[in-house]
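Visitor: This structure is in structure tokens; I'll ask about it shortly.
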Amino acid sequence: VYFVVIIWAKGQQLRKTLGLPPKHFHITLSRQDAHGVDKGIASLLRPLPSSAPSELLDHLSFTLHSMGDHSLAKKYSVTLCASFSSSEKGFLRLGDSAPKLGEFKLAMLSYACGYHRTADAKVQEYCVRKITSCAKETEWGTVCAEWELEQLPGELLELLLEPWSSGLLSALDSLTSAVPTLCRWSRDQVFIPAPTQSTEQWYRLPRFFRWLVPFKIALMSTPRNATDIAALGSSHIGIRHVLTLTEETPLDPKWFSGSKVKNTFLPIPNYHPPTIEQMDLIVKLLCDDDNLPVLVHCGGGKGRAGTVAACLLVAFGFNKPTMDYSLSQPAMSAPEAIATLRAIRPTSIETEQQEAFVHKWASTIWKRQSIFPEPVAEPLPCPLEIQGTLAPSSNLFIFVGLPGSGKSWVSRSLLARDPGGWEWISQDEAGGRSACETAISSARGKVRVILDRCNMSRDDRKAWLALAAHWAVNPVCVWFDYDAELCTYRAQNRAGHPTLPPGGRVRNAIEQMQKMFVAPSLGEGFSALVTVHSFAAASDLVERLSPPVALFKFPRTPHLLNLGAATADDLVRSLLPPAAAAGAHVVVTEKVDGANMGFALSADRTRVVAQNRSHFVNPASHAQFRRLGAWLDARRADLYRVLDRDPHFAERYVLFGEWLAATHSVAYSRLPDWFLAFDLYDRATASWTDRKTLEALLADTEIKLVPVLYEGSMPAEDELKRMVQQQSQYTDGRVEGVYVKVEKDGKVVDRGKVVRSDFISGNEHWTKGPLQMN
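This is the structure we're talking about:
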């Protein structure tokens with residue numbers, strides 16, 4: 157019996173519309189037939205060729221899926237994905253087959269790949285629905301349980317583990333508020349793809365990681381080290397903020413140094429719940445989209461983190477928290493929230509005290525008819541009030557004010573702008589009065605001193621002046637004069653305070669301080685009495701007492717080798733000696749040819765200012781900058797993520813790079829963007845960020861970096877000469893040159909450049925002819 161196997165997907169669909177079961181189509185070629193013989197794809201005498209066309213593989217996968225042969229359908233779907241990886245068809249077929257085999261993680265990742273490879277809105281909607289359905293059986297995204305790793309075909313691993321796009325995450329937002337059903341125990345290990353620099357394929361997360369609100373709020377046990385923080389902040393999870401609830405184990409600030417991930421420390425004793433005020437602060441933090449996604453953790457991810465999670469369910473259900481004051485009642489009852497949480501995270505909420513707090517939180521929402529406490533308005537902007545003479549020689553500043561009046565904010569702002577010019581004596585930070593007495597007595601007045609404590613009584617202030625009498629010159633009293641109600645509201649909304657966590661202690665401390673307060677006066681021995689009534693006045697005080705923040709010009713870079721391109725006024729320096737480079741890490745990047753550009757925030761944080769060398773620029777400054785305005789609009793959010801990282805010093809960071817819209821001496825034809833970043837300067841520490849840190853800061857932005865050509869020890873002179881002869885990544889011609897940085901301890905400690913010999917002489921200077929655009 158001879159026959160031809162027919163793969164006909166439309167025929168299968170037609171039979172389905174007629175109510176007929178699927179079958180293997182064939183054409184009999186011989187006079188005799190055998191109706192009981194399998195005439196499907198399995199009957200072929202030879203396997204399909206490896207170069208089978210995509211349409212055949214697509215129809216074959218569909219047919220096998222219709223026939224219920226899901227294992228074979230999966231096999232051919234994998235082949236289709238691997239052979240035609242830019243098409244969505246194979247991933248859709250694979251996504252349809254995998255759940256039938258119980259492989260929901262494979263299905264979820266396949267649908268994500270399908271979503272990213274199609275522009276058809278209906279297909280994208282189908283993928284989103286299927287991903288949401290898979291989430292009933294597996295964790296969201298590329299987070300994999302240990303037993304799920306073997307589901308993923310090795311030949312597709314890189315494709316399946318692509319980070320999910322913002323478009324897909326946005327599409328999922330409207331469909332992810334339903335009550336989840338997936339149950340995970342704390343002992344279940346979960347993994348994400350390992351960082352690119354790792355030799356391992358997978359990275360194991362700390363215990364009990366779980367999304368509570370997909371891609372918005374996650375729960376976990378305590379991170380173990382800086383590598384955990386980097387993994388959490390990677391594009392596979394994307395955590396931006398870690399909320400630490402463990403009073404006994406605050407996280408090391410070094411883990412977050414140079415990272416895009418921020419940390420808030422809100423200490424809660426083990427086995428205890430938060431206070432109502434702490435819960436209000438957590439809700440406020442989670443309502444800020446700039447903080448999302450947030451990871452909430454305690455020691456084991458069960459008790460304190462579980463209590464917070466249950467309270468969030470009471471307030472918002474499984475919806476993303478929003479600052480909506482019209483929300484006047486709980487989304488869930490306390491018993492419902494606790495039961496729902498334990499159904500998906502068994503052993504959550506460890507004590508009766510914690511469980512009782514969830515009920516108290518629900519009751520609080522009912523009583524105040526709002527999830528949020530009534531806000532207290534800040535005073536309108538007003539100027540500083542200065543009595544006496546605020547002399548330049550003043551070297552002692554005694555701060556006076558209630559807790560929450562802004563004393564420490566001003567102190568930190570002054571230190572951020574001039575860290576070597578101030579000594580900060582804080583009773584909260586020092587741990588007690590005696591430590592402050594020792595510090596102020598031993599000061600010598602070589603730098604200006606801030607005494608940061610409440611200093612409520614006249615006798616108290618007199619005692620501190622006496623301790624500093626042997627060195628203080630023209631001492632100044634700074635009085636932060638605010639209502640107790642506003643100070644209480646502010647203090648209840650600050651996290652990580654060393655002595656006054658949000659709660660009853662704040663109220664008691666402010667009431668006690670208010671009763672003993674005596675207003676300061678010049679007659680106490682001060683040369684000036686400065687009164688602060690508003691945030692604008694506090695900012696004015698910081699500006700008056702700080703060096704002016706001038707434009708920071710990018711430093712001239714010396715030539716490490718003069719191959720003939722250095723001019724008479726260029727700096728030329730020989731290669732760093734081996735002794736100076738010992739233990740250092742050298743990064744060599746392509747030197748691109750454009751206009752030097754720097755971006756920083758304005759003092760009021762309302763805009764990004766651009767600079768070219770020694771002056772500020774805008775789209776009207778020169779024709780080569782006419783695209784700058786549109787570029788800044790498109791990259792505004794990304795720039796703020798990089799630059800707006802210090803609440804006390806808006807202008808702290810300057811992102812430098814090359815503006816390449818116009819052709820200078822090299823015509824670029826393959827630029828990924830008009831701006832390529834290469835340096836980040838920190839005004840507070842007068843230091844430059846290393847490449848690794850800069851890559852991490854820009855990882856989830858659209859801001860591109862100049863390409864790395866070499867990393868390692870200091871290259872030899874001949875190697876540098878070879879590098880300047882290679883082709884540019886952005887044009888068919890050679891590179892302009894290479895840029896060499898020497899890095900130690902996360903900072904750039906030295907730099908130089910090598911420019912090819914014919915760069916200047918072989919190219920007419922760009923300003924002499926008509927402007928050409930890249």
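Sequential numbering from 157 applies to the sequence shown in my numbering.
For every residue, glycine included, the Cβ atom is placed at its ideal position computed from N, Cα and C.
All figures in this text were calculated on a predicted structure; none of them were measured in a lab.
Could you check which residue in Lys292, Leu678 and Ala490 has the C-alpha nearest to that of Gln543?
Guide: For the purposes of this step, residue 543 is taken as the residue at position 387 of the sequence shown. Per the Cα distances, Leu678.
Visitor: Around the Cβ of Asp384, are there at least 16 other Cβ atoms within 10 angstroms (buried) or fewer (exposed)?
Guide: Position 228 of the sequence shown holds residue 384. Looking at its Cβ environment, which holds 16 or more other Cβ atoms inside 10 Å, Asp384 is buried.
Visitor: Should Asn381 go down as buried or exposed, given a rule of 16 or more other Cβ atoms within 10 Å for buried?
Guide: To locate residue 381, count along the sequence shown from 1; it is residue 225. Asn381 should be labelled exposed.
Visitor: Arg363: which of Lys458, Gly270, Cys339 and His397 sits nearest, CA to CA?
Guide: The count along the sequence shown starts at 1 and reaches residue 363 at position 207. Of the listed residues, the one whose Cα sits closest to Arg363 is Lys458.
Visitor: What number of angstroms, rounded off, separates the C-alpha of Cys300 from the C-alpha of Arg340?
Guide: As a working mapping, residue 300 is identified with position 144 in the sequence shown. As a working mapping, residue 340 is identified with position 184 in the sequence shown. Between Cys300 and Arg340, the C-alpha separation is close to 12 Å.
Visitor: Could you check what DSSP says for Phe513 in three-state terms: helix, strand or coil?
Guide: Position 357 of the sequence shown, counted from the first residue, corresponds to residue 513. In this structure, Phe513 counts as helix in the three-state DSSP scheme.
Visitor: Taking DSSP's pairing of strands, which residues face Cys300 in a bridge?
Guide: As a position in the sequence shown, residue 300 is number 144, starting the count at 1. Note: Cys300 sits in a beta bridge opposite Phe347.
Visitor: Would you kindly report the start and end of the unbroken beta strand (DSSP E) that includes Ser549?
Guide: Residue mapping note: residue 549 aligns to position 393 of the sequence shown, counting from 1. No beta strand (DSSP E) contains Ser549, which DSSP labels as neither H nor E.
Visitor: Among Thr355, Gln357, Glu356 and Thr378, whose alpha-carbon lies nearest the alpha-carbon of Leu365?
Guide: Taking the sequence shown and counting its residues from 1, the one referred to as residue 365 is at position 209. Note on residue identity: the sequence assigns Phe, not Leu, to residue 365. The shortest Cα separation from Phe365 among Thr355, Gln357, Glu356 and Thr378 belongs to Thr378.
Visitor: Kindly indicate the opening and closing residues of the beta strand (DSSP E) around Cys633.
Guide: By one-based count along the sequence shown, residue 633 stands at place 477. Val632 to Phe636 is the span of the beta strand (DSSP E), which, as asked, contains Cys633.
Visitor: Assuming Gly473 and Ala487 form a contact by the criterion Cβ under 8 Å, report the distance between their Cβ atoms to the nearest whole angstrom.
Guide: Stepping through the sequence shown from its first residue, residue 473 is reached at position 317. Stepping through the sequence shown from its first residue, residue 487 is reached at position 331. About 4 Å separates the two Cβ atoms, so the contact holds.
Visitor: Over what stretch of residues does the beta strand (DSSP E) that includes Leu716 continue unbroken?
Guide: To locate residue 716, count along the sequence shown from 1; it is residue 560. Segment His715 to Leu717, the beta strand (DSSP E) holding Leu716.
Visitor: Rounded to whole angstroms, what is the Cα-Cα separation between Val157 and Thr184?
Guide: Position 1 of the sequence shown, counted from the start, is the residue given in the question as residue 157. Position 28 of the sequence shown, counted from the start, is the residue given in the question as residue 184. Straight-line Cα distance between these residues: approximately 8 Å.
Visitor: Which residues bound the beta strand (DSSP E) around Met753?
Guide: For the purposes of this step, residue 753 is taken as residue 597 along the sequence shown, with counting starting at 1. Segment Ala751 to Leu757, the beta strand (DSSP E) holding Met753.
Visitor: Which runs of the alpha helix (DSSP H) at least 4 residues long sit entirely within the region 643 to 689? Give them in chain order.
Guide: Whole alpha helix (DSSP H) segments, 4+ residues: 660 to 672.
Visitor: If I measure Cβ to Cβ from His397 and keep anything under 6 Å in the same chain, skipping five residues before and after, which residues do I get?
Guide: The residue you call residue 397 lines up with position 241 of the sequence shown. Hits under 6 Å: Lys418, Asn447 and Val450.
Visitor: Check whether the region 514 to 528 and the region 592 to 602 are in contact - that is, three or more C-beta pairs closer than 8 Å.
Guide: Judged by Cβ distances under 8 Å, the region 514 to 528 makes no contact with the region 592 to 602, as fewer than three pairs qualify.
Visitor: I need the DSSP call for Ser321, collapsed to helix, strand or coil.
Guide: Residue numbering aside, residue 321 sits at position 165 when the sequence shown is read from its first letter. It is coil, neither helix nor strand.
Visitor: Which residue's Cα is closest to the Cα of Arg187: Glu244, Phe159 and Thr173?
Guide: Position 31 of the sequence shown, counted from the start, is the residue given in the question as residue 187. The residue with the shortest Cα to Cα distance from Arg187 is Phe159.
Visitor: Is it the case that the Cβ atoms of Glu306 and Cys269 are separated by a distance below 8 Å?
Guide: The sequence position of residue 306 within the sequence shown is 150, counting from 1. The sequence position of residue 269 within the sequence shown is 113, counting from 1. Not a contact, by the Cβ cut-off of 8 Å.
Visitor: Does the separation of the CB atoms of Val822 and Leu865 fall below 8 Å?
Guide: On the sequence shown, position 666 is the one that residue 822 refers to. On the sequence shown, position 709 is the one that residue 865 refers to. Contact flag unset, no.
Visitor: I'd like to know if the region 630 to 639 and the region 400 to 414 are in contact, where contact means that at least 3 CB-CB pairs between them fall below 8 Å.
Guide: Cβ pair count under 8 Å is below three, so no.
Visitor: Using three-state DSSP, classify Asp906 as helix, strand or coil.
Guide: The residue you call residue 906 lines up with position 750 of the sequence shown. Strand.
Visitor: Can the beta-carbon of Ser690 be found closer than 8 Å to that of Pro535?
Guide: Taking the sequence shown and counting its residues from 1, one reaches residue 690 at position 534. Taking the sequence shown and counting its residues from 1, one reaches residue 535 at position 379. In contact: Ser690 and Pro535 (Cβ atoms closer than 8 Å).
Visitor: What are the partner residues of His182, as DSSP defines its beta bridges?
Guide: Sequence index remark: in the sequence shown, residue 182 carries index 26 (1-based). Answer is Val161, bridged to His182.
Visitor: Using only the alpha-carbon positions, how far apart do Asp749 and Thr887 sit?
Guide: In the sequence shown, the residue the question calls residue 749 occupies position 593. In the sequence shown, the residue the question calls residue 887 occupies position 731. Their backbone Cα atoms lie some 12 Å apart in a straight line.
Visitor: With which residues is Thr845 paired in a DSSP beta bridge?
Guide: Reading the sequence shown from its first residue, position 689 is the one you call residue 845. Lys903, per the DSSP bridge assignment.
Visitor: What residues are listed by DSSP as bridge partners for His868?
Guide: The residue given as residue 868 occupies position 712 in the sequence shown. A small correction: the amino acid at residue 868 is Gly; His does not occupy that position in the sequence shown. Partner(s): Val742.
Visitor: Give me the Cα-Cα distance between Phe710 and Arg808, rounded to the nearest whole angstrom.
Guide: Here residue 710 refers to the residue found at position 554 when the sequence shown is read from its first residue. Here residue 808 refers to the residue found at position 652 when the sequence shown is read from its first residue. Spanning the two alpha carbons is a distance of roughly 15 Å.
Visitor: Who are the Cβ neighbours of Cys290 in its own chain at under 6 Å, not counting the five residues just before and after it?
Guide: Locating residue 290 in the sequence shown gives position 134, counting from the first residue. Within the same chain, Cys290 has close Cβ partners Phe260, Ala263 and Met264.
Visitor: For Val632 and Phe673, which I take to be in contact (beta-carbon distance under 8 Å), what is that distance rounded to the nearest angstrom?
Guide: In the sequence shown, the residue the question calls residue 632 occupies position 476. In the sequence shown, the residue the question calls residue 673 occupies position 517. Not really, about 19 Å apart at Cβ, beyond 8 Å.
Visitor: Where do the ends of the beta strand (DSSP E) carrying Glu814 lie?
Guide: Here residue 814 refers to the residue found at position 658 of the sequence shown. Segment Tyr809 to Trp815, the beta strand (DSSP E) holding Glu814.
Visitor: Give the secondary structure of His272 by DSSP, where H, G and I count as helix, E and B as strand, and everything else as coil.
Guide: Indexing the sequence shown from 1 puts residue 272 at position 116. Three-state DSSP puts His272 in a helix.
Visitor: Counting C-beta neighbours from all protein chains within 10 Å, is the total for Glu858 16 or more, i.e. buried, or is it exposed?
Guide: Locating residue 858 in the sequence shown gives position 702, where the first residue counts as 1. That one is exposed.
Visitor: Buried or exposed: where does Phe836 fall if 16 or more other Cβ atoms within 10 Å of its Cβ makes it buried?
Guide: Counting from 1 along the sequence shown, the entry for residue 836 is found at position 680. The displayed chain sequence assigns Leu, not Phe, to residue 836. It is buried - the Cβ of Leu836 has at least 16 other Cβ atoms within 10 Å.
Visitor: Between the Cα of His741 and the Cα atoms of Ile505, Thr545 and Asp906, which residue gives the shortest distance?
Guide: Along the sequence shown, one-based indexing puts residue 741 at 585. His741 has its Cα closest to that of Asp906, out of Ile505, Thr545 and Asp906.
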